[in-house]
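Numbering (the working numbering), first residue to last: -14 to 247.
Everything on this sheet refers to the single structure shown next.
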DNA sequence: TCAGTTGTTTATAT
DNA sequence: AATATAAACAACTG
């Protein structure tokens, strides 16, 4: 389920398991998950190095050491698991980093996403050069500036990782629902008040999902989204399912209106 | 059997 | 130049 809140959780799990610990060995059970490095190279590069506090940019996990760093993207099914010993390893644990105490596992069922090796902070910057500012650390002024130089559908903009990073399909739908803005509204038609409302809704949704993880995703909205005969938690109108920006989209047809339609 | 899935990239079209 | 759309990636679920 990885969107920003999930990856923030993975970052904390990685920190808990690996920060301050030394790599003893890297086990790659599926080289197909490695994007810019071979398994033996990865092992050679990381072995003996000590992990620092990991960072996150949007949906990217950045795990630096006193030498190289790894970049991890989770696609739709990635996960980070820290464990004290090899007990409970799973067939979808594609990379396992054995540490001087315990191990940390990169699990990914569908193998969208992957793991990159960077020689250091400079190469991390190069690999993530196209990623926009992190949605969680974006202030309102900056958010409004981003919208000012963007046109087209608001949901497409929210999902564009080069514009702002971390918002996925669920977060976008929920924030737009909270703000009562139709996902296909054109940005140039949104009033200043609507943009401010959207910013507040986005912050509230991110706050709820990050700080009350994983229950944060069990909000009124996500409990109903995607279920058959789903109804708006506020007004009980049946939700509409459509496609916006190439993604399945749910919205309340009574509260999230598109100009020109009833 | 087949549609659908929380993400991204690529190609193509507008 | 931007934005929109569809397909592909891969593996599993209902």
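Even for Gly, the Cβ is constructed at its ideal location relative to N, Cα and C.
My guess is that residue 31 and residue 82 are in contact by the Cβ rule of under 8 Å, so how many angstroms apart are they, rounded? Indeed, because the Cβ distance is near 7 Å, the residues count as touching under 8 Å.
For a quick check, are the C-beta atoms of residue 6 and residue 92 less than 7 Å apart? Using a Cβ distance threshold of 7 Å, residue 6 and residue 92 do not count as a contacting pair.
Rounding to the nearest angstrom, what Cα-Cα distance links residue -7 and residue 67 in this structure? Between residue -7 and residue 67, the C-alpha separation is close to 15 Å.
Once the 5 residues before and after residue 13 are set aside, which same chain residues still bring their CB inside 6 Å of it? Within its own chain, the residues whose Cβ lies closer than 6 Å to the Cβ of residue 13, once the five positions on either side in sequence are excluded, are 24, 80, listed in chain order.
Run through the DSSP bridge pairs and tell me what residue 45 is partnered with. Answer is 42, 58, bridged to residue 45.
What is the residue span of the alpha helix (DSSP H) that residue -5 lies within? For residue -5, the uninterrupted alpha helix (DSSP H) run begins and ends at -11 to 3, by DSSP.
Assuming residue 113 and residue 151 are in contact, meaning their beta carbons sit under 8 Å apart, how far apart are those beta carbons, in whole angstroms? The pair is not a contact, with the Cβ atoms about 13 Å apart (cut-off 8 Å).
Chain-order list of residues whose beta-carbon lies under 6 Å from that of residue 78 (same chain, five-residue window excluded): Same-chain partners within the cutoff: 90, 92.
Quick one: residues in its chain with C-beta nearer than 6 Å to the C-beta of residue 10, no 5 flanking neighbours on either side, listed in chain order? For residue 10, where only same-chain residues beyond five positions count, the Cβ hits under 6 Å are 83.
When DSSP labels each residue in this structure, what does residue 88 get in the three-state scheme? It is a strand residue.
Would DSSP call residue 102 helix, strand or coil? Strand.
If you draw a straight line from the C-alpha of residue 198 to the C-alpha of residue -13, how long is it? Cα to Cα, residue 198 sits roughly 12 Å from residue -13.
If we ignore side chains and look at the alpha-carbon of each, how far apart do residue 145 and residue 178 end up? In this model, residue 145 and residue 178 are separated by some 22 Å (Cα to Cα).
Can you round the beta-carbon distance between residue 4 and residue 39 to whole angstroms, since I take them to be within the 8 Å contact cut? 7 Å between Cβ atoms; contact.
Is residue 238 closer than 7 Å to residue 227 when the C-beta atoms are compared? With respect to the 7 Å criterion, residue 227 and residue 238 are not classified as neighbours on the basis of their beta carbons.
Residue 18 to residue 174 span [Cα, whole Å]: Rounded to whole angstroms, residue 18 to residue 174 spans 42 Å at the Cα level.
Which same chain residues, not among the five before or five after residue 109, have their C-beta less than 8 Å away from its C-beta? Closer than 8 Å at the Cβ level, and outside the excluded window around residue 109, lie 47, 49, 54, 56, 103.
Relative to the C-alpha of residue 243, which candidate in 213, 170, 216 has its C-alpha closest? Out of 213, 170, 216, 170 has the C-alpha closest to the C-alpha of residue 243.
So is residue 158 buried or exposed if we call it buried at 16+ other beta carbons inside 10 Å? Under the 10 Å beta carbon count, residue 158 is surrounded by 16 or more other beta carbons and is classified as buried.
How about residue 186 and residue 160: are their beta carbons less than 7 Å apart? When the beta-carbon positions are compared, residue 186 and residue 160 come within less than 7 Å of each other.
Of the choices 231, 229, 241, 232, whose alpha-carbon is the least far from that of residue 223? Selection 231, 229, 241, 232 evaluated against residue 223 yields 241 as nearest (Cα-Cα).
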